[in-house]
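Below is one structure, written out as structure tokens; the observations come after it.
Number of protein chains: 2
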Amino acid sequence: MLARVSGTPTYKRLPRAVREQQMLDAAVRVFSRRGFHAASMDEIAEDAGISKPMVYAYLGSKEELFVACLHREGTRMTEAIAGAAAPDLPADERLWRGLRAFFGFVGAHRDGWAVLYRQARGSQPFAGELAAMRARLVEVVAGMLDHALRAEGREAGETELEVAAYALVGATESLADWLADHPEADPEKTATRMMNVAWLGAGQLLRGATWRPPQG
Amino acid sequence: MLARVSGTPTYKRLPRAVREQQMLDAAVRVFSRRGFHAASMDEIAEDAGISKPMVYAYLGSKEELFVACLHREGTRMTEAIAGAAAPDLPADERLWRGLRAFFGFVGAHRDGWAVLYRQARGSQPFAGELAAMRARLVEVVAGMLDHALRAEGREAGETELEVAAYALVGATESLADWLADHPEADPEKTATRMMNVAWLGAGQLLRGATWRPPQG
DNA sequence: CAAATTGGTTACTCTGGCGTAACCTTACGC
DNA sequence: GCGTAAGGTTACGCCAGAGTAACCAATTTG
Chain A
10 MLARVSGTPT YKRLPRAVRE QQMLDAAVRV FSRRGFHAAS MDEIAEDAGI SKPMVYAYLG
70 SKEELFVACL HREGTRMTEA IAGAAAPDLP ADERLWRGLR AFFGFVGAHR DGWAVLYRQA
130 RGSQPFAGEL AAMRARLVEV VAGMLDHALR AEGREAGETE LEVAAYALVG ATESLADWLA
190 DHPEADPEKT ATRMMNVAWL GAGQLLRGAT WRPPQG
Chain R
10 MLARVSGTPT YKRLPRAVRE QQMLDAAVRV FSRRGFHAAS MDEIAEDAGI SKPMVYAYLG
70 SKEELFVACL HREGTRMTEA IAGAAAPDLP ADERLWRGLR AFFGFVGAHR DGWAVLYRQA
130 RGSQPFAGEL AAMRARLVEV VAGMLDHALR AEGREAGETE LEVAAYALVG ATESLADWLA
190 DHPEADPEKT ATRMMNVAWL GAGQLLRGAT WRPPQG
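Order-wise, the sequence lines are chains A and R.
All residue numbers for the first sequence refer to the numbering used here, where the first residue is 10 and numbers rise by one.
All residue numbers for the second sequence refer to the numbering used here, where the first residue is 10 and numbers rise by one.
Here is the structure:
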């Protein structure tokens with residue numbers, strides 16, 4: 010332990026931007042497997058291959074760190090979905106693409122996203138952050154429904170739309186949880202199933218109706 | 010403070026069964042408004058009008074206490090819903106009754122149940138407990154779907170049924186959250202809205218279809 | 001080649017709040 | 001009426017883990 014005689018620092022110096030990402034990666038992993046409360050800053054630091062004070066120096070308190078995780082993951086998700094949007098398609102096609110992108114993302118980030126999301130739902134400090142994300146999503150879905158309705162010359166109350174969107178988003182989140190808990194499941198197939206119940210409803214499903222993805 | 014000269018104990022002695030319920034009431038309130046982590050055993054004890062060691066004596070550790078809350082509230086809810094079941098009705102009627110009972114319960118226990126439920130979703134120790142409750146619900150819904158399908162001579166894979174039920178339950182939970190956040194909202198109306206999207210699906214909704222509660 | 005700046009460390013402090021030890025006091029069975 | 005269990009209290013032990021102080025070493029910069 011007398012080592013490090015001359016310029017041989019056991020660690021590697023890295024620019025801030027890189028280290029921050031490593032820390033966020035580690036934080037997502039640790040928060041995922043332990044939960045916010047049970048996760049310790051020491052463990053996160055260790056997992057990131059760095060010492061604790063660095064985490065504080067770059068990302069601030071534990072809560073701030075968690076919010077940073079939420080933010081990064083949330084942004085990634087939003088972008089993944091936004092990339093699938095195409096405002097001039099028919100409603101079912103839009104819904105389908107959105108769902109496929111969403112489940113694709115969740116499937117690819119099983120630990121990351123789903124668990125973070127589950128974490129954030131409970132604890133007050135983050136409920137706001139989360140609620141904002143969900144609100145944006147609900148608004149998008151409600152907007153889509155509204156748009157489709159008006160295109161047919163119909164109209165619905167704001168609350169009607171909000172509630173319908175809320176239910177759709179809730180069902181989707183729920184299946185995302187299911188997907189996260191079933192590693193063998195296929196995201197695409199899950200999206201199709203979601204589409205079936207969301208678009209056709211239980212009534213038609215029971216009558217034997219089936220919705221199938223377009224273009225192969 | 011030299012008081013309590015003779016038989017004037019500032020507190021009232023009560024049988025264990027009663028005190029336990031008071032403690033659980035208090036625990037539900039405090040966990041609801043603070044969240045599991047931020048809730049302190051001292052506050053719960055104070056809110057219950059008792060001293061902390063009594064809580065430990067009767068209900069055990071903080072985690073055990075929380076699980077006890079979950080259990081009691083969960084049982085109450087299950088019973089409320091079970092009371093509405095009528096196995097020989099058509100599927101839509103059964104779904105409707107179940108939903109109405111559920112939203113009625115949530116509406117009547119706004120802070121109690123919804124927040125407990127939200128709490129439990131995140132934190133590992135209770136995820137199991139919660140998952141079990143949800144699993145029972147999913148099973149019931151899946152069973153209902155299966156029953157209705159077979160009645161029409163059709164059949165569906167187990168996973169299909171499970172996923173559909175999961176989506177339905179998720180949408181319902183989500184609207185329960187919405188209801189809990191909108192104190193002015195009417196449970197019955199919320200149940201109707203849920204029924205609309207669940208039974209008809211977005212497709213028919215957009216075409217102007219509407220589901221209406223039977224018998225007035 | 002100083003002298004800041006930036007990346008990094010070890011080794012603490014300090015507190016919230018869980019859980020408990022030790023100790024009263026009323027009621028009830030016998 | 002008296003012992004013992006059941007209901008109750010105050011006061012404390014204690015520790016995990018958030019956050020910090022103090023200090024070291026590369027690397028850029030003028």
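The beta-carbon is built from N, C-alpha and C at its ideal position, and this holds for glycine as well.
Unbroken alpha helix (DSSP H) runs of no fewer than 4 residues, entirely contained in the stretch 113 to 179 of chain A, are found at 125 to 131, 133 to 160, following chain order. The count of Cβ pairs closer than 8 Å, one atom from the stretch 179 to 191 of chain A and one from the stretch 174 to 192 of chain R, reaches three, so the stretches are in contact.
Within 10 angstroms of the beta-carbon of E161(A) lie fewer than 16 other beta-carbons, which makes it exposed.
Interface with chain R (7 Å Cβ-Cβ cutoff): W187(A) is included.
Within chain R, the residues whose beta carbon sits less than 7 Å from that of Q128(A) are G131, listed in sequence order.
In the three-state reduction of the DSSP assignment, D97(A) falls in the coil class, being assigned neither a helical nor a strand state. Listed in chain order, the non-local C-beta contacts of A95(R) below 6 Å within the same chain number zero, local neighbours out to five positions each way being set aside.
The C-beta separation of R202(A) from V206(R) comes to about 16 Å, leaving the pair out of contact by the 8 Å criterion. Straight-line spacing of the CA atoms in G166(A) and H191(R) works out to 16 Å. For F40(A), the closest alpha carbon among the candidates G113(A), V124(A), A54(A) is that of V124(A). Per DSSP, reduced to three states, the secondary structure at K71(R) is helical.
At least 7 Å separates the CB of H118(A) from every CB of chain R.
A straight-line Cα-Cα distance of about 50 Å links R25(R) and G210(R). Here R159(R) is exposed. Its C-beta has fewer than 16 other C-beta atoms within 10 Å.
Separation of K198(R) and Y175(A) (C-alpha to C-alpha, rounded to the nearest whole angstrom) is 15 Å. Residues are counted here when their Cβ sits less than 8 Å from a Cβ of chain R; for the stretch 190 to 217 of chain A these are T199, R202, M203, N205, V206, A207, W208, L209, G210, A211, G212, Q213, L214, L215, R216, G217, given in chain order.
A direct Cα-to-Cα measurement between Q224(A) and W105(R) gives close to 36 Å.
The alpha carbon of R119(R) has as its nearest neighbour, out of D56(R), F45(R), A57(R), P196(R), the alpha carbon of P196(R).
A Cβ-Cβ contact shorter than 7 Å links Q31(R) with A57(R). Here E52(A) has V39 as same chain residues with Cβ atoms under 7 Å from its own Cβ, once five neighbours each way along the sequence are excluded. Against chain A, the CB of H80(R) has no partner CB under 7 Å away; the residue lies outside that interface. Burial state of A189(A) is buried, judged by a 10 Å Cβ sphere holding 16 or more other Cβ atoms. Contact annotation, Q133(A) with G44(A): C-beta distance approximately 15 Å; criterion of less than 8 Å not satisfied. Using a CB distance cut-off of 7 Å, A157(A) counts as an interface residue toward chain R. Taking C-beta atoms under 8 Å as the contact rule, L33(R) and R81(R) qualify, at a distance of about 6 Å.
One alpha carbon belongs to M153(R), the other to A100(R), and they sit about 7 Å apart.
Closer than 7 Å to the CB of A176(R) there is at least one CB belonging to chain A. For A100(R), the C-beta contacts it makes with chain A under 7 Å involve L215, in order along the chain. DSSP places G210(A) inside the alpha helix (DSSP H), whose first and last residues are 210 to 215.
Y20(A) carries a coil assignment under DSSP once its states are collapsed to helix, strand and coil.
In the structure shown, S49(A) falls within a coil segment according to DSSP collapsed to helix, strand and coil. Contact with chain R is absent for R38(A), since none of that chain's Cβ atoms lies less than 7 Å from the residue's Cβ. Annotation for R109(R): A200 place their beta carbon closer than 6 Å to its own, counting only its chain and skipping 5 residues before and after.
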